[in-house]
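Engineer:
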Amino acid sequence: LKNKPDWFLERNPKGLVPTLEQDGKIIYESLITCDYLDEVYPNNHLTPSDPYQKARDAILIDFFSNKFIPNYYKVFRSEGKDEEGIEGIASSVKKLDEELTARGKYFGGDQLAMIDFMLWPWFERIL
Numbered sequence: 007l008k009n010k011p012d013w014f015l016e017r018n019p020k021g022l023v024p025t026l027e028q029d030g031k032i033i034y035e036s037l038i039t040c041d042y043l044d045e046v047y048p049n050n051h052l053t054p055s056d057p058y059q060k061a062r063d064a065i066l067i068d069f070f071s072n073k074f075i076p077n078y079y080k081v082f083r084s085e086g087k088d089e090e091g092i093e094g095i096a097s098s099v100k101k102l103d104e105e106l107t108a109r110g111k112y113f114g115g116d117q118l119a120m121i122d123f124m125l126w127p128w129f130e131r132i133l
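Numbering (my numbering) for the sequence shown: 7 to 133.
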């Protein structure tokens, strides 16, 4: 994934995955791609139909993006020596655990949902 061909960069100037091309239409960025697929294939929704729950999921993703991920990179770049980053991860995981406990078996409730697929890869990285 480091040496991307020119054709890929023409489709996604950021050079990131995922990048989806469907019928000549190009979509990229994980959350945007997931939302797009959820709209294109309405029989298999992965996002909540309830606007309030959808907003709560967005708030949780925002928290994760602004609290957990920056601390993850602090710890990763310091090879596990950044105490502030470690404390930030621990604090973030505690809040996420509380949220998961309140929601049910998954962040999506009783069934896996888009929010679970958005957050899980990060937990895989720290396990």
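Backbone N, C-alpha and C fix where the C-beta goes; we use that ideal spot for every residue, glycine too.
#1: Quick check on DSSP: helix, strand or coil for T25?
#2: K100 lies in the beta strand (DSSP E); which residues open and close that run?
#3: Tell me which residues share the same chain as F14 and place their Cβ nearer than 8 Å to its Cβ, disregarding the 5 neighbours each side in the sequence.
#4: Between D122 and G114, which are expected to be in contact by the criterion C-beta below 8 Å, what is the C-beta distance as a whole number of angstroms?
#5: Thinking just about the alpha-carbon of each residue, which of T53, D63 and V23 is nearest to the one in K8?
#6: Classify L66: buried if its beta carbon has 16 or more other beta carbons within 10 angstroms, exposed otherwise.
#7: Assuming K60 is part of the alpha helix (DSSP H), what are its boundary residues?
#8: Return the Cβ separation of L52 and A119 in integer angstroms, given the expectation that the two are a contact with Cβ distance under 8 Å.
Structural biologist: Once the coordinates are examined:
#1: strand
#2: Looking at the DSSP string, K100 is not in any beta strand (DSSP E); the run it does join, the alpha helix (DSSP H), is E89 to R109.
#3: G21 and T25
#4: 5 Å
#5: V23
#6: buried
#7: P57 to F69
#8: That belief holds up - the Cβ atoms of L52 and A119 are roughly 5 Å apart, short of 8 Å.
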